[in-house]
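A.B. asks: When the letters of the sequence shown are read in order and numbered with the working numbering, they come out as residues 1 to 284. Cβ atoms here follow ideal geometry from the backbone N, Cα and C, with glycine treated the same way. Only a predicted model underlies this, so the values are computations on that prediction, with no experimental measurement involved.
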Amino acid sequence: MKTAVEVVKEGIEYLAGSGLSEPELNSQWLLASVLGLKRLEIIAGPDLPVEKSRISVYRKLLKQRAGNVPLSYVTGFHDFMGIELEVCPGVFIPRPETEELVEKILQFIGKKSVRILDFGTGSGCIAVALASALFSCKITAVDSSAKALAVAKKNALKHNLSKKMIFLKAGSVKDVPGTFHLIVSNPPYIPVCVIKGLDAEVRAEPRKAIDGGKDGLKWIKRIVMEAPLKLRPAGALFMEIGADQKQKIEPLFSGKPWRKVEFIKDYNNRYRFVKGQVTAVVSE
Ligand SMILES: C[S@@+](CC[C@H](N)C(=O)[O-])C[C@H]1O[C@@H](n2cnc3c(N)ncnc32)[C@H](O)[C@@H]1O
Numbered sequence: 001m002k003t004a005v006e007v008v009k010e011g012i013e014y015l016a017g018s019g020l021s022e023p024e025l026n027s028q029w030l031l032a033s034v035l036g037l038k039r040l041e042i043i044a045g046p047d048l049p050v051e052k053s054r055i056s057v058y059r060k061l062l063k064q065r066a067g068n069v070p071l072s073y074v075t076g077f078h079d080f081m082g083i084e085l086e087v088c089p090g091v092f093i094p095r096p097e098t099e100e101l102v103e104k105i106l107q108f109i110g111k112k113s114v115r116i117l118d119f120g121t122g123s124g125c126i127a128v129a130l131a132s133a134l135f136s137c138k139i140t141a142v143d144s145s146a147k148a149l150a151v152a153k154k155n156a157l158k159h160n161l162s163k164k165m166i167f168l169k170a171g172s173v174k175d176v177p178g179t180f181h182l183i184v185s186n187p188p189y190i191p192v193c194v195i196k197g198l199d200a201e202v203r204a205e206p207r208k209a210i211d212g213g214k215d216g217l218k219w220i221k222r223i224v225m226e227a228p229l230k231l232r233p234a235g236a237l238f239m240e241i242g243a244d245q246k247q248k249i250e251p252l253f254s255g256k257p258w259r260k261v262e263f264i265k266d267y268n269n270r271y272r273f274v275k276g277q278v279t280a281v282v283s284e
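1) Thinking TYR73 and VAL87 are a contact (beta carbons under 8 Å), I'd like their distance in whole angstroms, please.
2) At a cut-off of 7 Å, would you count TRP258 as near ligand 1, judging by its Cβ distance to the nearest heavy atom?
3) Ends of the alpha helix (DSSP H) at ALA133?
4) How far does the alpha helix (DSSP H) with LYS218 in it extend, from its first residue to its last?
5) Bridge partners of ILE139, per DSSP?
6) Just list the residues that DSSP pairs GLN78 with in beta bridges.
7) Cutting at 6 Å between CB atoms, please list the residues of its own chain near SER113, excluding the five before and the five after it.
8) List in chain order: all unbroken alpha helix (DSSP H) runs of 4+ residues lying wholly within the segment 155-209.
9) Any heavy atom of ligand 1 inside 7 Å of the beta-carbon of PRO187?
10) Near LEU62, what residues of its chain come up, given a Cβ to Cβ distance below 8 Å and the 5 sequence neighbours on each side ignored?
11) In whole angstroms, give me the CA-to-CA distance for VAL142 and ALA150.
12) State the start and end residues of the unbroken beta strand (DSSP E) segment that holds ILE264.
13) Grouping DSSP H, G and I as helix and E and B as strand, with all else coil, what is LYS2?
14) Are there 16 or more other CB atoms within 10 angstroms of the CB of GLN247, so buried, or fewer, so exposed?
15) What's the call for ALA146, buried or exposed, on a 16-neighbour Cβ count within 10 Å?
16) Who are GLU240's beta bridge partners in DSSP?
17) Does the distance from the C-beta atom of GLU240 to that of THR98 stay below 8 Å?
18) What residue from ALA131, GLY124, ALA204 has the CA that sits closest to LYS169's CA?
19) Can you tell me the Cα-Cα spacing of ALA148 and LYS214, whole angstroms?
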């Protein structure tokens, strides 16, 4: 029987030959997923025996990965803030910046009890991470994609968070019933002309999840316009934005009802998030 280190070596050679970047990491991740282990367990156990049947599954996954199918679609899972989420083609794969967005939101909430709307929930990553970190919250997770909602629901169920969450198919913030202390969103914000030049891997993701229209701001503008209709007094909107969009987004928040508008940098020193609060008194 072959050992893990031998199987990984075969994978590295295959993936490197296909021109994929980070062949070693990918090879280890794929073998880990086939064996139901963590990547570190593969590294720590080079002599682990790998059955022939597992090797043949592994080779199928290698082939998909070499064809630029995103790793998370090949394995069916994605780690978001240490939470294992199911993902599949047709559902956006969470990104590391969005983990930072969740951290900022959690800092803002502190120990308060909150009602949150997650607009464009996708895999449910933001909603699930917030629900698992917050003691008292009710989160309405909205998406216009039935497939995304089904996956988000499964992820909530898997982590035993369904009681804190409501799932709703809707296409705009104003159509969501109720009012919220917080609206959070990682909307589609990539300009159409940029999408064409993206890596094949990103283009393998649902167009609807990334397409921000001509200037990338189509959904951002709508969310900023509609959020005040659904925010409670002193409520806040948190959004992820494109790295070069701050200047164009600033004017959207000018004047009433917005105040305390803040553009927040990510760990790479780029403005990737915006927070705006509505006035504390409705008639202010
Ligand atoms: C960039 S993805 C973000 C997914 C997830 N929140 C995350 O951070 O990984 C944008 C999501 O918005 C959804 N979406 C696009 N247009 C929408 C609309 N008009 N109404 C509701 N959701 C929409 C997409 O289906 C997709 O799941």
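C.D. replies: Let me spell this out:
1) 7 Å
2) Between ligand 1 and TRP258, a heavy atom-to-CB distance of less than 7 Å is absent.
3) Looking at the DSSP string, the run of the alpha helix (DSSP H) that includes ALA133 is 125-133.
4) 218-230
5) ILE116, MET165
6) The question names Gln, but residue 78 is His in the sequence shown. Paired residue(s): LEU85.
7) SER136
8) For the segment 155-209, whole alpha helix (DSSP H) runs of length 4 or above, ordered along the chain, are 192-195, 200-203.
9) yes
10) Cβ neighbours of LEU62 within its own chain (closer than 8 Å, five residues either side excluded): GLY11, TYR14, LEU15, SER27, LEU30.
11) 11 Å
12) 258-265
13) strand
14) exposed
15) exposed
16) PHE273
17) Cβ distance < 8 Å, so GLU240 and THR98 count as in contact.
18) GLY124
19) 24 Å
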